[in-house]
Amino acid sequence: MNLKSNPILRKSMETFSYATAPMTKAGTWSKIFMLLMLVTATAGATWSLVPTIGEGLLFPLMIGSLILGLLLALVIMFKPHTAPVVAPLYGIVEGVFVGTISYFFEAMVPGIVGRAVLTTFVVAFAMWFVYSTGLVKVTQKFRAGIMAAIFTVMLLYLFQIGMSFFGAGLPFMTGSSPLAIGVQFVIVIIASLALVLDFDYIARQVEDRAPKHLEWVAAFGLIVTLIWLYIELLDLLYRLAMRD
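Taken in order, the sequence shown gives residues 6 to 249; the numbers are from the working numbering.
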């Protein structure tokens, strides 16, 4: 029995009583590329349209795309067979979110988006390299530890959002103090290691000849982690810039 490599994939495995084409690495990577292109193209289009639609709509558009993206993610999580249709829609919606939040950060720190994008792909390649070469072994303990760390980060963010409604918050989750930067750096490391779990998920499902539609589920899970890593890197670079 395979354990899931990404929180969003938790319910992705089903029992099938009929023959189906198996999942392949080539098929999965082609879908990862397609989703990445959808996110990138939509983000670029959104960025270019912000001056036309007005910066006043930037925040509502960012929040709206974030909520819609979460809803689409839940659909895939609970009904993984819908992934071939819903995953591309998710890519488009998340492209809007990535485009708006990138525009927001770029307005505050010019050049930050380019650095964040480059760092994201460097980290992703590094994680693929250490996994594919066996430098990092995905054991049961490793998997459980990263999953626990991911859920801890999620709880911290939820608590921070809840406290913000009362004008309060966790001091180490905001600002540019050494502690806040250190915490943000740890979160970036957790997001990076989550990519290793995604790579392992793909390898295990291909080895087990999982159903073809799980290529979309696996691709979706990897894109979720990449976007998360990108946003955390944006945040980290912004905090570092505020100390200069």
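Cβ atoms here follow ideal geometry from the backbone N, Cα and C, with glycine treated the same way. Bear in mind that the values here come from a model prediction, so they are computed numbers and not experimental data.
Beta-ladder partner(s) of residue i, from DSSP
i	result
P27	P216
9 Å Cβ cutoff met for residue i and residue j
i	j	result
K217	M82	no
T41	G96	The amino acid at residue 41 is misidentified as Thr; the sequence shows Leu. Going by C-beta atoms, L41 is nearer than 9 Å to G96.
L63	F110	no
L71	T51	no
V114	Y243	yes
L238	T144	no
L234	I186	no
I232	E99	yes
K30	V188	no
I166	I195	no
L241	F190	yes
T33	I151	no
Simplified DSSP assignment, three categories, for residue i
i	result
E19	With a pLDDT of only 42 at E19, under the threshold of 50, the placement of this residue in the model should not be trusted; the figure read from the coordinates follows. Residue state, collapsed to three classes: coil.
S107	helix
V141	coil
G180	coil
G174	coil
K146	helix
V122	helix
V114	coil
G59	coil
R248	coil
K84	coil
W233	helix
N7	Interpretation of N7 is limited by its pLDDT of 47, a score under 50 that renders its predicted location unreliable; the figure taken from the coordinates is listed afterwards. Coil at N7, not helix or strand.
Among the options, the one whose alpha carbon lies nearest that of residue i
i	options	result
S35	A223, A121 and G74	A223
F4	F225, V191, V193 and L161	The structure shown does not extend to residue 4, since the chain is modelled only from 6 through 249, so no value can be given for it.
I236	L219, A78, L123 and V90	L123
V158	V128, V193 and L227	V193
I1	G69, A92 and L241	Residue 1 is absent from the model: the chain starts at 6 and stops at 249.
I37	L219, R248, D240 and L241	L219
A112	A26, P56, G32 and G139	P56
A78	F147, L241 and W221	W221
L43	L75, V101, D240 and L73	V101
S181	R248, L163, L76 and M39	R248
V90	G172, T138 and M39	M39
Any non-hydrogen atom of the ligand NAP within 8 Å of residue i CB
i	result
D203	The ligand NAP is not among the ligands present in this structure, which contains no ligands whatsoever.
Within-9 Å CB hit, residue i to chain D
i	result
S35	Reference to chain D is not applicable here, since this structure consists of a single protein chain.
(message) I'd like to know if the region 133-140 and the region 188-206 are in contact, where contact means that at least 3 CB-CB pairs between them fall below 8 Å.
(response) Three or more Cβ pairs drawn from the region 133-140 and the region 188-206 lie within less than 8 Å of each other, which places the two stretches in contact.
(message) Check whether the region 170-178 and the region 97-107 touch, using three or more Cβ-Cβ pairs below 8 Å as the test.
(response) Counting C-beta pairs closer than 8 Å gives fewer than three between the region 170-178 and the region 97-107, which falls short of the contact rule.
(request) For the region 84-94 and the region 45-62, state whether three or more C-beta atom pairs, one from each stretch, are separated by less than 8 Å. (result) They do not touch, by the three-pair rule.
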